[in-house]
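Asker: Just passing along the structure, written as structure tokens.
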Amino acid sequence: MSKPKLIVFDLDYTLWPFWVDTHVDPPFRKEKDGNVYDRHHVKVRHYEDARPILEWVHELGIRMAVASRTTEIEGAKQLLALLDWNKFFVQKEIYPGAKVNHFTRFKDKQCVEFSEMIFFDDEHRNIVDISKLGVMCVHVPRGMSFPILEKAMQDYIRHHKSHHKNVKS
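Numbering (numbering that gives the first Met the number 0), first residue to last: 0 to 168.
This is how it looks when you write it as structure tokens:
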């Protein structure tokens, strides 16, 4: 099976249903109940499938990374730590600016070609920009879910099988 070498996730409205720089109020804290809350004691939630997806991809042995353009860099990093998600990501590029910069760093630091990556993001403009690099991009307007991930993996495998056939011929 031809698996991607790197799967990249956006954060806001991709792994969690909010913008970390406007909808929640850092600093965050984890309480005895195991939940994460913001400064006003509002419970911070993520998409239901987000953690199981991260666990499954990790078990498959596929590296994962984060690409986020948020201005709330420390808040995003704090949430990743409190949710115990840092262990899933080999690289985190969290800063404002074009995501092309994020992906150039992934390519260089992870020694992975753009064609060996899958990227999930809720913002169409990021999908357009990154697909021009040759990355397989998946628009997730309602956040990550297992059906979206499974279809993306099948599409990736199908594309790489047909590309491999064409190269051999």
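By construction, the Cβ of each residue, glycine as well, lies at the ideal position given by its N, Cα and C atoms.
Being a predicted model, the structure only gives us computed values, none of them experimental.
From residue 98 to residue 66, what distance separates their C-alpha atoms?
Answerer: Counting from 1 along the sequence shown, the entry for residue 98 is found at position 99. Counting from 1 along the sequence shown, the entry for residue 66 is found at position 67. Taking the straight line joining both Cα atoms gives about 7 Å.
Asker: So the beta strand (DSSP E) residue 92 belongs to, where does it begin and stop?
Answerer: Position 93 of the sequence shown, counting from 1, holds the residue named residue 92. 88 to 93 is the span of the beta strand (DSSP E), which, as asked, contains residue 92.
Asker: For the beta strand (DSSP E) containing residue 138, name the first residue and the last one.
Answerer: If you number the sequence shown from 1, residue 138 lands on position 139. Start and end: 135 to 138.
Asker: Do the region 4 to 24 and the region 132 to 152 meet, that is, are 3 or more Cβ pairs less than 8 Å apart?
Answerer: Taking 8 Å as the limit for Cβ pairs, the verdict is that the region 132 to 152 does touch the region 4 to 24.
Asker: Using alpha carbons as the reference points, say which of 91, 114, 53 and 62 lies closest to residue 131.
Answerer: As a first step, residue 131 is located in the sequence shown; it is residue number 132 there, counting from the start. The shortest C-alpha separation from residue 131 is found at 114.
Asker: Can you round the beta-carbon distance between residue 158 and residue 135 to whole angstroms, since I take them to be within the 8 Å contact cut?
Answerer: As a first step, residue 158 must be located in the sequence shown, where it is residue number 159. As a first step, residue 135 must be located in the sequence shown, where it is residue number 136. So it is a contact: roughly 7 Å between Cβ atoms.
Asker: Below 8 Å between beta carbons: does that hold for residue 72 and residue 93?
Answerer: Within the sequence shown, numbered from 1, the residue matching residue 72 stands at position 73. Within the sequence shown, numbered from 1, the residue matching residue 93 stands at position 94. For residue 72 and residue 93, yes; Cβs fall inside 8 Å.
Asker: If you compare alpha carbons, which of 150, 156 and 84 is closest to residue 45?
Answerer: As a first step, residue 45 is located in the sequence shown; it is residue number 46 there, counting from the start. Nearest of 150, 156 and 84 to residue 45, Cα basis: 84.
Asker: May I have the straight-line CA-CA distance separating residue 143 from residue 150, to the nearest angstrom?
Answerer: Working through the sequence shown from its first residue, we reach residue 143 at position 144. Working through the sequence shown from its first residue, we reach residue 150 at position 151. Between residue 143 and residue 150, the C-alpha separation is close to 12 Å.
Asker: Does residue 145 pass the burial test, meaning 16 or more other C-beta atoms within 10 Å, or should it be called exposed?
Answerer: Mapped onto the sequence shown, residue 145 falls at position 146. Classification of residue 145: exposed, given that the 10 Å Cβ count is below 16.
Asker: Classify residue 165 as helix, strand or coil using the three-state DSSP reduction.
Answerer: Counting from 1 along the sequence shown, the entry for residue 165 is found at position 166. Any reading at residue 165 must be qualified, since the residue scores a pLDDT of 47, below 50, and its modelled position is unreliable; no value is offered.
Asker: Return the first residue and the last residue of the alpha helix (DSSP H) that residue 50 is part of.
Answerer: As a first step, residue 50 must be located in the sequence shown, where it is residue number 51. Taken as a continuous stretch (DSSP letters only), the alpha helix (DSSP H) holding residue 50 covers 49 to 58.
Asker: Would you check if the distance between the CB atom of residue 75 and the CB atom of residue 105 is smaller than 8 Å?
Answerer: On the sequence shown, residue 75 is found 76 positions in, with the first residue counted as 1. On the sequence shown, residue 105 is found 106 positions in, with the first residue counted as 1. Going by C-beta atoms, residue 75 is not nearer than 8 Å to residue 105.
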